[in-house]
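Engineer:
Residue numbers (this note's numbering): 171 to 218.
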């Protein structure tokens, strides 16, 4: 619980948490984006 109070207690902690959440969200977005592109490419290869 001390970890949460340190994170939310200071401005730097809140910024760090925001950066971590942004990076995780960006990773999820890239994963979905690349999986969709791979699926589209496989469909295009089958249609040839």
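Note that CB positions come from ideal geometry on N, CA and C, so glycine has one too. Small disclaimer: the values here were computed from a predicted structure and weren't measured.
Quick check: what's the CA-CA separation for residue 179 versus residue 213?
Structural biologist: Reading the chain shown from its first residue, position 9 is the one you call residue 179. Reading the chain shown from its first residue, position 43 is the one you call residue 213. Spanning the two alpha carbons is a distance of roughly 51 angstroms.
Engineer: For residue 192 and residue 174, I'd like the C-alpha separation in whole angstroms.
Structural biologist: Here residue 192 refers to the residue found at position 22 of the chain shown. Here residue 174 refers to the residue found at position 4 of the chain shown. Whole-angstrom Cα-Cα distance: 18 angstroms.
Engineer: Nearer than 7 angstroms: is that true of the beta carbon of residue 191 relative to any heavy atom of the ligand GTP?
Structural biologist: Summarising the ligand content, the structure contains no ligands, and the ligand GTP is consequently not present.
Engineer: Spatial neighbours of residue 198 within its chain, please: C-beta separation below 6 angstroms, excluding the five flanking residues on both sides.
Structural biologist: Taking the chain shown and counting its residues from 1, one reaches residue 198 at position 28. There are no such residues.
Engineer: Is the Cβ-Cβ distance between residue 177 and residue 187 less than 8 angstroms?
Structural biologist: Looking up residue 177 in the chain shown gives position 7. Looking up residue 187 in the chain shown gives position 17. The answer is yes: Cβ separation under 8 angstroms.
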